[in-house]
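Chemist:
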Amino acid sequence: MDRSPYWNPRQETLPREELEALQFAKLRRAAAWAVERVPWHADRLLRAGVRPEDLRTPDDLRRLPFMTRDEWMEAQCAEPPFGPFLAAPPEEAIRYHMTSGTTGRTPIRVLDGRKDWEWIAECWCHGFWAFGVRPEDRVFFAFSYGTFVGFWGAHYACEKIGCLVLPGGNMTTAARVRQIFDMEVTVVCSTPTYALRMAQEARELGLDLPGGPVERLILSGEPAGSIPATKALLEEQWGAKAGDTAGMTELGTIMMFECDRQPGGAHILENHFLEEVLDPDSGEPVPYGEMGERVVTSFGRGFLPILRYRTRDLVVRIPASRCSCGRTFDIYEGGIRGRVDDMKLVRGTNVYPRAIEAIVREFPEIDEFQIHLFTAEGIRDEIEVLVEIPSSPDGTEGLQTRLAEKLREAHEGLRIGVRRVETGSLPRFELKARRVNDERIVIGSDGERRTT
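So the sequence shown is numbered by our numbering: it starts at 7 and just counts up by one.
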């Protein structure tokens, strides 16, 4: 392994029992800080009958109440703009961010102090170093630099590593692609969807992206970064290795990263987070290899302490031994599999957008797609996939038929229509893609008919 401040064998290769002891020591400190500085947390722990010094085992941890997005938003609305969660006065903050794509009345707003921001950048450093980023790299961020936390921490991490950083900012896709070539960029950071969009633009510009300078794609913002078919398509179109990462605005920074061994998933940053995988209905732990909901406790963010936050992300945890890199951090196989609230029920069949994308991306002829749910004849739920197909060697009808058959086989015989639409008619996304358009009619409690 490289000798570097971002390869720390004292923690990254700890035996599991020592790693868990480290986590619970940090958990007690984090809980004590939250109780001391945030009355909202102190009241919750008091009602649960648990003290910070009691937290020594997973059973003790489960005595702590969950923290949910809904109650966060409600408390923030009751005490605007930040709610009752801050452990320091707002005027001591140096960074402000808010969530993107939040369902509800308002996005979640967060603040960070100087030490928080140093920690955020350090966490990203460990993830980038693990995937092979080095000081000699030139890193391009295809990112809008708004209030969504996105790649902000990663930008500062690359500066700390010593890379040349190129912020994409408010550039067109064509300008970004040209700059990647002009500046001989070796690492590109993007959402998976936008990486595919840039590859499409490169083809239209006549640029040889697979033969270009980029060696690594670092992906974040969507589950697609760990979908094998999507990743394979990206690596083919860019001629580069693609690695997945994931973070959350609420939790401050990157929480999982794919190392350069590409073990089929992302390592959990377990010296900075304590992650549980629980049954989303019962709240009980699920074993290795079974899907459950991530519940996360953060150790590094002092301005906004987070204990047992229900992310609603679906994951499958597997042992660190699946990877040959030497880290003892466990792995989320396939990264983020989706969200608990993403599942759609169509005529008795569970449909997950990620599962549909995994199949669609097996057809590289498809430039873009959208999942459309609607009510036919006022009574029957229907689902179709809208696809943009500029051209196809065997004709678009044959491709549509093959895609429809694969979708039917993967969804217990549910008929999912495939409809070709005009090229360029579907929305493109730089940040998180929103490819589900649910226009089904529901009957409200007031008897009114409305779309979902």
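Quick reminder that beta carbons are idealized off the backbone N, C-alpha and C, glycines included.
Could you pull out every residue in the same chain whose Cβ sits closer than 8 Å to the Cβ of residue 443, ignoring the five residues on either side in sequence?
Modeler: Here the set comprises 376, 377, 378 and 379.
Chemist: Which of the three DSSP states, helix, strand or coil, is assigned to residue 292?
Modeler: Note: residue 292 maps to coil in three-state DSSP.
Chemist: Can you name, in chain order, every residue of its own chain whose Cβ lies under 7 Å from the Cβ of residue 137, other than the five neighbours on each side?
Modeler: Taken in chain order, the residues that qualify are 222, 224, 249, 263, 264, 265 and 266.
Chemist: Tell me whether residue 349 sits in a helix, a strand or coil according to DSSP, three-state version.
Modeler: In this structure, residue 349 counts as coil in the three-state DSSP scheme.
Chemist: For the beta strand (DSSP E) holding residue 278, just list the boundary residues, first then last.
Modeler: Taken as a continuous stretch (DSSP letters only), residue 278 belongs to no beta strand (DSSP E), as it is neither H nor E.
Chemist: Check whether the segment 230 to 239 and the segment 333 to 344 touch, using three or more Cβ-Cβ pairs below 8 Å as the test.
Modeler: Touching, per the Cβ criterion.
Chemist: Sort out for me which residues DSSP pairs residue 376 with in a bridge.
Modeler: Answer is 392, bridged to residue 376.
Chemist: List the DSSP bridge partners of residue 195.
Modeler: Bridge partners of residue 195: 147 and 224.
Chemist: Given residue 112, which residues of its chain have a CB within under 8 Å of its CB, disregarding the five upstream and five downstream residues?
Modeler: Around residue 112: 79, 82 and 83.
Chemist: Within the continuous alpha helix (DSSP H) that includes residue 262, where are the two ends?
Modeler: First-last for residue 262: 260 to 263, but that is the beta strand (DSSP E), not the alpha helix (DSSP H).
Chemist: If distances are taken between C-alpha atoms only, which option among 314, 91, 171 and 77 comes closest to residue 299?
Modeler: The option with the nearest alpha carbon to residue 299 is 314.
Chemist: Just checking my contact of residue 172 with residue 147 at CB under 8 Å: how many whole Å lie between their CB atoms?
Modeler: Contact flag correct, Cβ pair sits at about 7 Å.
Chemist: Identify whether residue 232 lies in helix, strand or coil by the three-state DSSP scheme.
Modeler: Of the three classes helix, strand and coil, the one that applies to residue 232 here is helix, per DSSP.
Chemist: From the DSSP output, read off the bridge partner residues of residue 176.
Modeler: DSSP, once it has assigned bridges, lists no residue as partnering residue 176.
Chemist: So, under 8 Å CB-CB, residue 179 and residue 203 are touching, yes? Tell me the CB distance rounded to an integer number of Å.
Modeler: That pair is a contact at about 6 Å.
Chemist: Put residue 397 into one of helix, strand or coil per three-state DSSP.
Modeler: Residue state, collapsed to three classes: coil.
Chemist: Looking at the secondary structure, which residues open and close the alpha helix (DSSP H) in which residue 117 lies?
Modeler: Here residue 117 belongs to no alpha helix (DSSP H); instead the beta strand (DSSP E) covers 115 to 118.
Chemist: What is the residue span of the beta strand (DSSP E) that residue 252 lies within?
Modeler: Element bounds for residue 252: 247 to 253.
Chemist: Using a Cβ distance threshold of 8 Å, determine whether the segment 59 to 75 contacts the segment 309 to 327, with at least three qualifying pairs required.
Modeler: Yes: at least three Cβ pairs fall under 8 Å.
Chemist: Any contact of the segment 384 to 394 with the segment 412 to 428, i.e. 3+ C-beta pairs under 8 Å?
Modeler: With the cut-off at 8 Å, the segment 384 to 394 and the segment 412 to 428 touch.
Chemist: Mark residue 117 as exposed unless 16 or more other C-beta atoms lie within 10 angstroms of its C-beta, in which case mark it buried.
Modeler: With 16 or more Cβ atoms within 10 Å of its Cβ, residue 117 is classed as buried.
Chemist: Could you check the C-alpha separation between residue 358 and residue 92 for me, to the nearest Å?
Modeler: Those two C-alpha atoms are separated by around 36 Å.
Chemist: Should the segment 278 to 287 be regarded as contacting the segment 54 to 61, the criterion being three or more beta carbon pairs within less than 8 Å?
Modeler: In short, these stretches do not touch, since the Cβ pair count stays below three.
Chemist: Could you give the first and the last residue of the continuous beta strand (DSSP E) run that contains residue 423?
Modeler: Counting along the chain, the beta strand (DSSP E) containing residue 423 begins and ends at 423 to 427.
Chemist: Identify which residue in 39, 432 and 166 has its Cα closest to the Cα of residue 305.
Modeler: When only C-alpha atoms are compared, the closest one is 39.
Chemist: For a minimum of 3 consecutive residues, which ranges assigned as the beta strand (DSSP E) are wholly contained in the segment 295 to 367?
Modeler: DSSP runs (the beta strand (DSSP E)) wholly in the segment 295 to 367: 297 to 304, 315 to 324, 337 to 339, 350 to 352 and 355 to 357.
Chemist: According to DSSP, is residue 159 helix, strand or coil?
Modeler: Residue 159 falls in the helix class under three-state DSSP.
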